[in-house]
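Working notes, beginning with the structure itself.
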Amino acid sequence: MGIAIFAAFLIAVGGILHFVGLRIAIEARPDIARAMGGVLTQAEQDKIEEAYQERLRLIQENLQATTEELLQIQKIKDRFMEMATPSAVKSQIPGGNAKGGPLKPASFKSTNSSDLVESLDESLHNVTAFKKSVQEVHQLWTKQLTWLNALPTGLPVKGHYNLSSGYGFRIDPFTQTMAKHEGLDFAASVGTPIIASAGGVVSRAGYEAQYGNMVEIKHAEGFMTRYAHASQILVRTGQTVKRGDIIAKVGNTGRSSGPHLHYEVMRAGAHINPANMLPKEH
Ligand SMILES: [Zn+2]
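Here the sequence shown is numbered in the working numbering, starting from 77 and rising by one per residue.
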C-alpha cells in the first residue's frame with residue numbers, strides 16, 4: 077500500500093509539472109498555447125488563466141495536506157513495527173481485514189483542447205478524493221494502534237534478562253513435583269525495572285505469601301497482568317499506568333528461588349501463555 081501511495085504521489089507531482097509547463101508555454105509562446113488551447117482572445121485567455129491558477133492552488137493545497145497525512149501514517153507504521161502485533165491478538169484487530177477506503181490514485185489527463193479548466197477540475201476532484209482516502213487510512217491505523225497499545229503485548233522488564241522458566245507443567249523448584257507454572261519467568265538482577273506491558277489500572281499492589289511483592293494491572297478487553305517477587309513496588313491500587321511505566325523492581329520476595337520477575341497474563345480470569353503475547357522474537 078505504501079508503494080501505491082508513493083506511486084500516486086509521483087503521478088500527482090508529474091501532473092503538476094505538466095500544468096506548470098503549459099503555463100510557461102502560454103507566457104512564452106502565446107501563439108502555440110492559443111493553437112493548443114483554441115484560445116482566441118486575450119480576455120478569454122486571462123479568464124482561463126485566472127480559473128486555472130485557482131485550481132492549481134487548490135491542487136497544491138490538497139497535495140500538501142496529503143503529504144502531511146502520509147508523514148503521520150509513516151510515524152504510525154513505525155510504532156506498529158516497534159510493537160509487532162503478536163499472533164494471539166492479530167485476528168481481533170478492529171477493521172484488520174477492512175481496506176482503508178479506495179486508494180484510487182489521482183489521474184491527470186493531458187489536454188490539447190480548450191477545456192483546460194474542466195480538465196483541471198477533474199484533477200482537483202481526483203486529488204481531493206485521494207487526500208480523503210489517505211485520511212481514512214490514517215484514521216483506521218490510529219484506531220488500530222490505540223487498540224493494540226491497550227493490550228498486554230509489550231515486554232514486562234526493561235533491561236537485561238534471561239527467560240528462566242516457561243509456561244506450562246514443570247518440576248516445582250520447591251516441592252520437586254510436577255506443577256503447572258502459569259506465567260513466564262524473567263531472570264534479572266535485583267532492581268531491574270519492571271514495566272507495565274500495556275496501559276491500564278492497577279488493581280492490586282502489595283505483599284502476598286506466594287507472590288511476594290506483586291502488582292496486578294487491569295487492561296482493555298478483559299486482559300489482566302501480574303508481576304510477582306518484586307523487591308520494591310512503585311505504584312498504588314487504583315493508579316492509572318501507561319505502557320512502559322516502571323511499576324516495580326525485580327526482586328526475590330515470596331516463593332522465589334532467585335531474583336526474577338514472574339509474569340502472568342490472564343484474559344477473563346483464564347491464564348494465557350505470556351509468550352504468545354510478546355513480540356515475535358520471544
Ligand atoms: Zn514463575
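By construction, the Cβ of each residue, glycine as well, lies at the ideal position given by its N, Cα and C atoms.
Can you give me the start and stop residues for the alpha helix (DSSP H) that residue i sits inside?
i: T204; result: L192 to N225
Go to residue i, then tell me how far its beta strand (DSSP E) extends in each direction, as first and last residue.
i: E292; result: G288 to K294
Keeping to the same chain, check which residues put their C-beta closer than 7 Å to that of residue i; ignore five residues upstream and five downstream.
i: T316; result: V277
i: G330; result: E284, A285, Q286, Y287, G288, A304 and H305
i: A264; result: V233, G235, H236, Y237, V326, P335, H336 and L337
i: D321; result: I271 and A272
i: R155; result: L221
i: L260; result: L239, G242, Y243, Y339, P350 and A351
i: Q211; result: E145
i: S332; result: G288 and H305
i: T218; result: I152
i: Y128; result: L192, V193 and L196
i: A281; result: V291, I309, V311, R312 and T313
i: T142; result: F206, K207 and V210
i: I323; result: I270, I271, A272, V291, Y303, L310, V311 and V317
Would you list the one or two residues that DSSP bridges to residue i?
i: Y261; result: Rather than Tyr, the amino acid found at residue 261 in this sequence is Asp. D261 pairs with S241 and H338.
i: I271; result: I322
i: V278; result: I293
i: R343; result: F299 and A346
i: A255; result: R246
i: V317; result: G276
i: I309; result: A324
i: V233; result: I270
i: A304; result: H338
i: E284; result: G288
Which residues in the same chain as residue i place their Cβ atom closer than 6 Å to its Cβ, once the five residues preceding and following it in sequence are excluded?
i: K234; result: P269 and I271
i: K294; result: G276, V277, S279 and M300
i: F85; result: none
i: H347; result: E258
i: G172; result: Low confidence applies to G172: its pLDDT is 49, below 50, so where it sits in the model is not reliable enough to give any reading.
i: T204; result: N138
i: R131; result: L196 and L200
i: R246; result: H257
i: S186; result: Legend: pLDDT at S186 = 47, less than 50; position of this residue unreliable, no value from coordinates given.
i: R302; result: E292 and E340
i: A255; result: D248
Cutting at 8 Å between CB atoms, please list the residues of its own chain near residue i, excluding the five before and the five after it.
i: N39; result: No statement about residue 39 is possible, as the shown extent of the chain runs from 77 to 358 and does not include it.
i: R343; result: E297, G298, F299 and M300
i: I79; result: none
field: Closer than 6 Å: residues whose CB approaches a heavy atom of ligand 1
entry: Answer in sequence order: S241, H257, G259, D261 and H338.
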